Amino acid sequence: MGFLFKFIILFLSSVSPIFCQVSEFISIDCGGKSNYTDPNTGLAWTSDAGFISHGKSLEVDNGNGNGNGNENGNGTSPQYRNRRVFPIDGKKYCYKLKTEERTRYIVRATFLYGSSMDEGPYPKFQLYLDATKWATITVQEATRVYVKEMIIRAPSSSFDVCLCCATTGTPFISTLELRPLNLSMYATDYEDDYYLKVAARVNFGALTKDAIRYPDDPYDRIWDSDLEKRPNFLVGVASGTERINTARHIDTNTREYPPVKVMQTAVVGTMGSLSYRLNLEDFPANARAYAYFAEIQELEANQTRKFQMKQPYMPDYSNAVVNIAENANGSYTLYEPSYMNVTLDFVLSFSFEKTMDSTEGPLLNAIEISRYLQIAPKTNEDDASILNAIRAMSKGGDLADEQGDACVPTPWEWVTCSNTIPPRITKISLSGKNVNGEIPPELKNMEGLTELWLDNNLLTGPIPDMSSLVNLKILHLENNGLTGPIPSYIGSLPSLKELYVQNNSLIGEIPPSLLTGKVIFRYEGNSHLRRGERSKTRHKMILGISLGVLAVLFVLFVGSLLLPHYIRRKTSKRKSDNKDGNSMRTSNRKSTNYSITRGGSLMDEGVACYIPVSEIETATNNFSKKIGKGSFGPVYYGKLKDGKEVAVKIMADSSSHGTKQFVTEVALLSRIHHRNLVPLIGYCEEEYQRMLVYEYMHNGTLRDHIHGEKQLDWLARLQIAEDAAKGLEYLHTGCNPTIIHRDVKTSNILLDINMRAKVSDFGLSRQAEEDLTHISSVARGTVGYLDPEYYANQQLTEKSDVYSFGVVLLELISGRKPVSVEEYGADWGIVHWARSLVRKGDLISIIDPFLAGNVKMESVWRIAEIAIQSVDQHSYSRPRMQEILVAIQDAIKIEKGTDKLSPTGSSKGQSSRKTLLTSFLDIESPDLSKDSLVPSAR
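Taking the numbering used here, the leading residue of the sequence shown gets -11, the next gets one more, and so forth.
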């Protein structure tokens, strides 16, 4: 039977992409003696011997082995046979877990104390994730498994889980688990500032008291049974509450992908209401909550199930009517309404009641509630990196034993920290710690440092630049092997009171400022140090100052003699100019090398300069080098007399429509100028010949680099997208009236010699009148990029450009063409194909194989989210170009790794906007006001 179970797990792992992440599960048996596979779940568990060297393993006598509690567990599982126990001292003891930066994870720690031989009190201690206080572990029942769980977005490539600060008993831990999530799951707007601390996850109508987890839940969430009995857990049940279940499959392909097994059971209020009461740890607080509804009863045609939430009463949510079959588009399909920012009390009473026109009572399959937990800032990044560099210089000793953050929750033994946010290092005490090598030059960045004790070590090299340490009061460097002079700046440090450098190998003159008695200065034992001749220095200073003063006085004297004469001459000249009347006749118009005539229809004031056909023929060597062909006509390479390289477009269409395109492009590009729009140098209109002369773009079109042999890495694609978005954003908001391009596509995005993008081809562009919301226009554009709403109703807005640009973004992600029956089948277009995959959370199937493995997936997700929004069927649901530009810039920061937390804990650019991922997923997110969460209106 065990072999069959393992075979089934192996088979599922090979056929379902959602199971592929099981290999990324981290399951640590804290105190465990060996590695093994749990027969209950089939998951592999690892001893913590390779994660931590402190503490000791203690065998657990768990009595009856019943792991009850809302923090689910099973005392009979092998991972609860031992626990790791740590000393009671002022240190913290940490496990470092490796992560993929910006990936979301479930982090879970469990604690089973078991029976104890001693008579001491049960333990009470603190649990931290990096610098954030996760929970206070208070053991009240020896045989109960306490589970603490958080949902986080990994801030870096690793984080620490630390235990410390026991007030009673000894700190201990039983297990530590890390479970990666799908990128679309548990997204919140302020995940740079807040973790989600899970308070409740309940399976209603459960068939047994056992919790549901992996393999029923592929993400290994723990769903507590509503049959579980413990104090203040699901009491106050309404009369008429009945339990129902089904064996039919439930479609749970929603935002959070809850397990089918949980959705196959439910409770119903046969008398019209459902009500429960339960306690929520660490509340009142702002919370993210989900209710899961799936119609698993066969209702007759005349039966309906409609209900509303009555408790807690929140106008934004309580007035909404839940109609499961309608909301979920049918029975046996999950409806998952979100309550993304609600304030809940410690004692949560919640109830649902049927509406007057409903025949059936309310139904509930599951709930999930998480508290927003503000992320505490870690020690200043500069300070932390320097401390780690110093630790690496220590030969043995206990420096390497220090774990976790340098300051929080308890500081390392050899550092003192400030109370600022983030904490800064104020004191380093490393006297006699066998620190060897040169003092790190980065020490100058520790601006909060007041005391530095590096005496009696093995330091060599010169004293580095510390001139920026304006708060430094005490500096001890004695009894080392330091060489070179004492830097002159040291005596000028404004706060320095004490400097000890004796018994080194320092040389040169002692800075005079150290010999004034202001600083306690010890320097004996440096045979090549000597006092300087202060009198020479003083005389030179006095002489320099005197010469400077004399020079200034001389200049003032000469000026006083010449100034009246100068004023008389200027006054006389002004009168003469006014009399002649010629002073204001000079033209301000810029000169040009090209002859400008007044013939033709475009010769109005302000239009681009006119270039005769003879000059264009010379520049193009009689049109000998054709470089392309567009909707306007052929394009030729040329070089003007001044050496400027140009592209000359010849209009092939002599019809009135072609003429209109020509006139439009000249008129528009003559008045708009932006670094991300292809500049129009001039035009020609002679004898039915119409030509446009543009700046030559050396690297062709974006289309060439996506669908041709040339390839671009992801960062290059993002920078091109940013440039193009800036050009379009200028057309939409920087021009008055607004200009709508109407033909945005990869072949109209050109790349200059530096691979910077510029938008081109304005032949189809239209101007919008200021008092109109749209332009009635015959739909024109390119198949695959054309806005379906514009095509249907002939009403043009700037959101039509947004749709086309969304298609461009999808091309950048996928490397695929916008239209292809071979690639997309019945969907025929990239929009339908990509939308279905994004909503499933399957970005891997979309991403260009050339990019796979070489990008940060969160960066790609950021673009995928805004692209899907941009190609929404309804224009009012699409973002503006400004929002798209922000999303692209976010993605660039993520890809470059510069999207770091600011000192206040918030990500740059996040404090005043809503992420588009939450908009796409219909998530309402918390507002921040004075560092606290306040409910936002839905």
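Glycine included, C-beta positions come from ideal geometry on N, C-alpha and C.
Source: prediction; values computed, not measured.
Between the segment 246 to 255 and the segment 276 to 283, the count of C-beta pairs closer than 8 Å reaches three or more; the two stretches touch. Cα atoms of residue 650 and residue 678: separation of roughly 8 Å, rounded to the nearest angstrom.
In the DSSP assignment, residue 405 forms a beta bridge with 413.
Setting aside the 5 residues that flank it on each side, residue 275 is surrounded in the same chain by 330, 332, 357, 359, each with a C-beta closer than 6 Å to its C-beta; the list follows chain order. Not a single unbroken stretch of the beta strand (DSSP E) spanning 3 or more residues falls wholly within the segment 770 to 801.
Taking residue 238 as the centre and dropping the five residues before and after it, the same chain places the C-beta of 248, 251, 252, 282, 284, 320, 321, 322 closer than 8 Å to its C-beta, in chain order. Between residue 729 and residue 716, the C-beta spacing is below 8 Å. An exposed status is given to residue 721, since fewer than 16 other beta-carbon atoms sit within 10 Å of its beta-carbon. Straight-line spacing of the CA atoms in residue 34 and residue 876 works out to 41 Å. Nearest to residue 413 by C-alpha distance, out of 426, 425, 440, 420, is 440. For secondary structure counted as the beta strand (DSSP E) over 3 or more consecutive residues, the segment 305 to 347 holds these complete runs in sequence order: 326 to 332, 335 to 342. By the neighbour-count criterion, in which a residue is buried when 16 or more other Cβ atoms sit within 10 angstroms of its Cβ, residue 344 is exposed. Annotation: the continuous beta strand (DSSP E) that includes residue 355 extends over 354 to 362.
The alpha-carbon of residue 327 is positioned some 32 Å away from that of residue 835. CA-CA distance, residue 123 to residue 133, rounds to 15 Å. Of the residues 860, 854, 867, 858, the one whose Cα lies closest to the Cα of residue 878 is 854.
The three-state reading of DSSP puts residue 819 in helix, counting H, G and I together. With respect to residue 844, residue 90 sits close: the two C-beta atoms are nearer than 8 Å.
With 16 or more other CB atoms across the displayed protein chains lying within 10 angstroms of its CB, residue 74 is buried.
For the 8 Å CB-CB criterion, residue 190 and residue 138 do not form a contact.
In this model, residue 155 and residue 111 are separated by some 8 Å (Cα to Cα). The Cβ atoms of residue 266 and residue 195 do not sit closer than 8 Å to each other. In the three-state reduction of the DSSP assignment, residue 606 falls in the helix class, which pools H, G and I.
A residue is called buried once 16 or more other Cβ atoms fall within 10 Å of its Cβ, and residue 693 is buried on that count.
Sequence-distant Cβ neighbours of residue 819 in its own chain, meaning closer than 6 Å and more than five residues away, are 859. Residue 516: member of the beta strand (DSSP E) spanning 516 to 519, first to last residue. Taking the C-beta atoms as reference points, residue 826 is found no nearer than 8 Å to residue 746. A straight line joining the alpha-carbon of residue 775 with that of residue 828 spans about 24 Å. Rounded to the nearest whole angstrom, the CA to CA distance from residue 833 to residue 824 is 11 Å. In terms of CA proximity to residue 804, 695 leads the group 884, 695, 396, 705. The beta carbons of residue 411 and residue 423 sit no closer together than 8 Å.
A Cβ-Cβ separation of about 4 Å places residue 599 in contact with residue 670 under the 8 Å criterion.
Residues of the same chain with a CB within less than 8 Å of the CB of residue 460, apart from the 5 flanking positions on each side, are 437, 438, 439, 440, 454, 481, 483, 484 in chain order. For residue 812, the enclosing alpha helix (DSSP H) stretches over residues 809 to 812. Under the three-state reduction of DSSP, residue 486 is assigned to strand.
Annotated three-state conformation of residue 839 is coil, per DSSP.
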